[in-house]
Structures are given as C-alpha cells and as structure tokens.
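Enquirer: The opening position of the sequence shown corresponds to residue 3 in the numbering used here, with each subsequent residue numbered one higher.
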Amino acid sequence: MAETNSRNHAWKFFLAGGVDQVALRTGADLAHLDQLDQKLWVALTVPTRGIEFDPKTLDLIDTDRDARIRPPELLAAVKWAEASFKNLDDLFKSGDSVPLEAIKDSALAASARRILDNLGKSGSAIISLADVADSNKIFAATRLNGDGVVPADIANDPATKQAIEDMIATVGGVPDRSGKPGVNQAKADQFFAELKAFSDWQAKAEVERTTILPLGDATAAAAAAIQPVKAKVDDYFARCRLATFDSRAAAPLNRAEADFVALATKELTLGSNDIAKLPLAHVEAGRALPLTNGVNPAWQHAVEVLTASAITPLLAPDRTFLSESDWSAMQAMVAPFNAWIAAKPTTSVEKLGLARMRELLTGNAQTAVTALIAEDLALEAEFKQIGAVEKLLLFQRDLVKLLHNYVSFAEFYGRRGAIFQAGSLFLDARTCHLCIEVVDAGKHAALAGLA
Numbered sequence: 003m004a005e006t007n008s009r010n011h012a013w014k015f016f017l018a019g020g021v022d023q024v025a026l027r028t029g030a031d032l033a034h035l036d037q038l039d040q041k042l043w044v045a046l047t048v049p050t051r052g053i054e055f056d057p058k059t060l061d062l063i064d065t066d067r068d069a070r071i072r073p074p075e076l077l078a079a080v081k082w083a084e085a086s087f088k089n090l091d092d093l094f095k096s097g098d099s100v101p102l103e104a105i106k107d108s109a110l111a112a113s114a115r116r117i118l119d120n121l122g123k124s125g126s127a128i129i130s131l132a133d134v135a136d137s138n139k140i141f142a143a144t145r146l147n148g149d150g151v152v153p154a155d156i157a158n159d160p161a162t163k164q165a166i167e168d169m170i171a172t173v174g175g176v177p178d179r180s181g182k183p184g185v186n187q188a189k190a191d192q193f194f195a196e197l198k199a200f201s202d203w204q205a206k207a208e209v210e211r212t213t214i215l216p217l218g219d220a221t222a223a224a225a226a227a228i229q230p231v232k233a234k235v236d237d238y239f240a241r242c243r244l245a246t247f248d249s250r251a252a253a254p255l256n257r258a259e260a261d262f263v264a265l266a267t268k269e270l271t272l273g274s275n276d277i278a279k280l281p282l283a284h285v286e287a288g289r290a291l292p293l294t295n296g297v298n299p300a301w302q303h304a305v306e307v308l309t310a311s312a313i314t315p316l317l318a319p320d321r322t323f324l325s326e327s328d329w330s331a332m333q334a335m336v337a338p339f340n341a342w343i344a345a346k347p348t349t350s351v352e353k354l355g356l357a358r359m360r361e362l363l364t365g366n367a368q369t370a371v372t373a374l375i376a377e378d379l380a381l382e383a384e385f386k387q388i389g390a391v392e393k394l395l396l397f398q399r400d401l402v403k404l405l406h407n408y409v410s411f412a413e414f415y416g417r418r419g420a421i422f423q424a425g426s427l428f429l430d431a432r433t434c435h436l437c438i439e440v441v442d443a444g445k446h447a448a449l450a451g452l453a
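1. Please report the straight-line C-alpha distance between Asp-320 and Met-332, rounded to a whole angstrom.
2. Does the distance from the C-beta atom of Ala-251 to that of Leu-244 stay below 8 angstroms?
3. Which residue wins for smallest C-alpha separation from Leu-35, given the options Leu-17, Ala-310, Ala-78 and Arg-67?
4. If we ignore side chains and look at the alpha-carbon of each, how far apart do Ile-71 and Leu-60 end up?
5. Starting from Arg-484, follow its DSSP beta bridges and name the residues at the other end.
6. Could you compute how far the alpha carbon of Pro-338 sits from the alpha carbon of Thr-213?
7. So for Val-305, helix, strand or coil by DSSP?
8. Would you tell me roughly how many angstroms separate the C-alpha atoms of Asp-56 and Thr-162, rounded to the nearest one?
9. With a CB to CB cut of under 7 angstroms and the five nearest residues on each side skipped, what residues in its chain are close to Ala-114?
10. Drop a sphere of 10 angstroms on the beta-carbon of Gln-37, count the other beta-carbons inside from all chains shown, and report buried for 16 or more, exposed for fewer.
11. Shorter than 7 angstroms, the distance from the beta carbon of Ala-376 to the closest heavy atom of the ligand SAH, or not?
12. Using the rule of at least 16 other Cβ atoms within 10 Å of the residue's Cβ for burial, across every protein chain shown, is His-303 buried or exposed?
13. I need the DSSP call for Phe-422, collapsed to helix, strand or coil.
14. Taking all protein chains shown into account, do 16 or more other C-beta atoms lie within 10 angstroms of the C-beta of Pro-153, making it buried, or fewer, making it exposed?
15. Given 8 angstroms as the limit, is there contact between the region 189 to 208 and the region 360 to 368, that is, 3 or more CB pairs closer than that?
16. Is the CB-CB distance between Asn-298 and Leu-317 below 8 angstroms?
17. Please state whether the Cβ-Cβ distance between Val-459 and Phe-239 is less than 8 angstroms.
18. By Cβ distance, which residues of its chain are closer than 7 angstroms to Asn-507, with the 5 residues on each side in sequence left out?
19. Can you tell me whether Pro-281 is helix, strand or coil according to DSSP?
20. Would you kindly work out how many angstroms separate the C-alpha atoms of Ala-376 and Gly-150, rounded to a whole number?
21. Just the Cα atoms here: how many angstroms apart are Asp-219 and Cys-242?
22. Going by CA-CA distance only, name the one from Glu-326, Leu-401 and Asn-120 that's closest to Ala-287.
23. Give the straight-line distance between the Cα atoms of Asp-133 and Ile-117, rounded to the nearest whole angstrom.
24. Three or more C-beta pairs under 8 angstroms: does that hold for the region 395 to 414 against the region 90 to 99?
25. Count the other CB atoms, across all protein chains shown, that sit within 10 Å of the CB of Ala-341; report buried if there are 16 or more and exposed otherwise.
26. If you draw a straight line from the alpha carbon of Ser-479 to that of Gly-444, how long is it in whole angstroms?
27. State the CB to CB distance for the pair Thr-144 and Ser-180, rounded to an integer number of angstroms; the pair is presumed to be in contact (CB under 8 angstroms).
28. Could you pull the start and end residues of the alpha helix (DSSP H) that Val-391 belongs to?
29. Output yes or no for whether 8 angstroms exceeds the beta carbon distance between Asp-107 and Ala-135.
30. Which residue's Cα is closest to the Cα of Gly-416: Val-80, Gly-19, Ala-226 and Asn-10?
31. Spatial neighbours of Arg-67 within its chain, please: C-beta separation below 7 angstroms, excluding the five flanking residues on both sides.
32. Alpha helix (DSSP H) containing Ile-129: first to last residue?
33. Taking buried to mean at least 16 other C-beta atoms within 10 Å of its own C-beta, is Val-44 buried or exposed?
34. What residue does the beta strand (DSSP E) around Leu-429 start on, and which one ends it?
35. Is Cys-242 close to chain B, meaning its C-beta is less than 8 angstroms from at least one C-beta of that chain?
36. Whole-angstrom Cβ separation of Phe-193 and Val-176, contact assumed at under 8 angstroms?
This is the structure:
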C-alpha cells in the first residue's frame, strides 16, 4: 500500500490492474477528493444509463442532464454530502438509513423529522429510504404540505370548504401532494375573476332593465324569434323596394313560372329547401309582409313564432301585416339585448347560479381561501427539503460505491462486481464475468469485427 501527500492530506494507494489506484476509505479522503490530481483517477466519465446502478442517484449527480457524470459533478456531490452529514465516515457504513443525529444540515434534519411524524414514526431516531419512497403516503395525513394547493377538507370552516369545492367543480382543481384535488392561487384568482365578470354582466341588465329587457324575461324569446327569419325578411323588403324602384322588376323578383314547373316534377314537403329559397311572400312595390295568408309555406311556422313572440308583445296584438318601418323598429328594440348577450362572459361558474355567485363575492370566501393558500406556501421551503432528504439517503447508500467505480475500480478488482458489469456469460463450459451491456447494437457491430 503506497502513500503520498496532497495539500497536507495523506493519500493511500493500492496496485491493481497494473495501475496505482487511490484507496478511498475515510471521510477525510472524500473531503479532500477535490485536491487529488485527476490524472490519478481511473475514469473521468460514467454514463447514467446502461450500468448496474440506481439511475435516480445518477440523475441527482448529473446536474447538466447530458447523461454523463464528469468529475466536477461528482466533486459537487461529495461537497453536498459534506455539508449534509456531520461525519463523512458515515458514508462508508452499509445500508440506506441515516440516524437523525448524523444529519448536519438543520433544514434537512427538520424535514426528516417531519416525514417521520407524518408517517406516524415520531419516536424513530432513524430515517430510511423506504420512508421517503411514497410521497403520497408522506403527505396523506398532513393538513398543510407547502405545495400551495389546498384541498377542501383542510379548510378551517364549512363556508371555506364549500367555496373550495365550488372552485373544483367549476374552474377545476389541481392535485395536492397528498393526491387529493385542491386549488392553488391561480385557480382561486380565476374563479373569483369569473364570478365578478358574470355578476357585473348580469348587473348591467338589472341597471338598464327597461332598455336591455323591454319584455322582461320574455325578451330572450323575442330575440330568438327574430334571428332565424331576419335574413329572409330583409330579403323580402329589399325585393319590394326594388319593385318600387322599377315595376318591371316585380315579375322576375317573384321567380319565373319555369321555376315552379321544375318544382312540380319533384316530390315536395313543406320543409323542402327548394321551396324555402322562394321569396317569403308575393313581392309588390311598397307591400307590407303578410303574417297569416300568403306566406311561403316553408317559413310559415317561423313567421307564426315571430308574430307570437316578438311582433305581438313588442308592437301590437292582432297584426296581420308587418311594415318595413315596424320591422326596423322591432329590431331596434331588441338590439340592446343582443349586444348584452354578445358581451356575456364565457365562464364555468354560471352553473352555480347568480345567488351563490354573489354570496361568494360579498362574503369573505376569497380572503379565507387566499389566506389558507398563503399559510400552506409558508411551509414550501421546509417541504422542498423532503426531496433533499431522499438525496441524502441515496448518497448514503450509493455515493461511496460510485466513487469505487469511478475514482478507483476498487469494486471491480476487489471482485465485488463493478457497476459496468452486466451479469455472467456461460459459454463452452466456461463463465465470463466481464460482460458489458450493449446499448447501441449498430455501433457495437461496427467495432465487434475489430475484436
């Protein structure tokens, strides 16, 4: 066993494979690893896939995500471990558990204790990798968990709980760390913004009721009756005006006799598209639109609905004709309603009903939910350390093993099995242990012929 000094640290080496390799046996060796000349390292890179090693640990060390671990990343992992463990000698102990008293970082120690508390292990002095394996289990029994998402059942009172349930039912929820659906600040803001937009829109009709709703609740039916026939009625009055302009236009505007002859050869129904294309009524100069007799049969029902829902309540009952001026006046009466309807906000909260919306807006629901989310977020930093606790435990189990397959090949030459070995090959009554996984068969084929 050879020995050499590097910046006041005494390194020990062993000869294996014809190469002097550093012997990493103590926490002091790890603490001074950044002082060891990298020419003395056996390897300077290792892939994160295709080797017999937990990829989760490798991904934690591979900070640049290039699927290769290089010396700066490995040294950074060792420095992180040095800041997290009170004694790096602990890393040479086998197993995937760490005593709480061995954790140097106070935030990590607090998170480890919280995990054990959440799992009902408050009296335990040791945390293991199995304890952090299922995050849903860790958070299942916690009221607040620092993710900024609050499920309904953690609310302080029934009113806040119902408000959160209304949010989830309308704008949708997001999963909490416990796996339960909840809402975050973005969802809460969206919900109350939609409530206000719909309430304000409805309030406009309440303030300007006589203008927007001249028939009250029946205004919607009047507007709905006008819309399907609008283009056809406009067409009729345009034809009558053209006939007024020149009497010669009246005959062709009423369609030629040949068109009716063509219709006569077909099997007709009152809803036929060919009939619907004919003028709404007989075109004459200055003629009003008949509402009873003489209406195109394909449009008869629509005109009857127009009469009952719009003409009678907006103009006068018992009308048998509709003049162009009355048609224009009637459209003007429902124009404010149509504009109001067009401005209706697209929301998912409408199904709650206006009364519930205004109850939520005028109460303290928004303040209560926002305060609850803020209370949860106040624990964010502490709960983020839970991922760091898993990192601590993975490093406890894997870091020294990785160093013994990287800085030195102590695992391989110690016949403990290197991470780059992939099982054994039995061939011709012999066993081959130096087997390596082939990730890219095509690239391997190009080199195999050189072997």
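Where a beta carbon is used, it is the ideal one built from N, C-alpha and C, also for glycine.
Expert: The answer reads as follows:
1. 16 angstroms
2. yes
3. Ala-78
4. 8 angstroms
5. Residue 484 falls outside the range modelled here, since the chain spans only 3 to 453, and no answer is possible.
6. 7 angstroms
7. helix
8. 44 angstroms
9. Leu-102, Ile-105, Ile-129 and Val-391
10. exposed
11. For the ligand SAH, the structure offers nothing, since it holds no ligand at all.
12. exposed
13. coil
14. buried
15. yes
16. no
17. Residue coverage of the chain in this structure runs from 3 to 453, which leaves residue 459 outside it and unanswerable.
18. For the chain, the structure presents residues 3 to 453; residue 507 sits outside this window and is missing.
19. coil
20. 7 angstroms
21. 34 angstroms
22. Glu-326
23. 8 angstroms
24. yes
25. exposed
26. It is not possible to answer for residue 479, since the shown part of the chain is limited to 3 through 453.
27. 7 angstroms
28. 382 to 405
29. no
30. Gly-19
31. none
32. No alpha helix (DSSP H) holds Ile-129; the beta strand (DSSP E) holding it covers 128 to 130.
33. buried
34. 427 to 429
35. This model lacks chain B altogether, as it is built from one protein chain only.
36. Not quite, the Cβ-Cβ distance comes to about 12 angstroms (not below 8 angstroms), so this is no contact.
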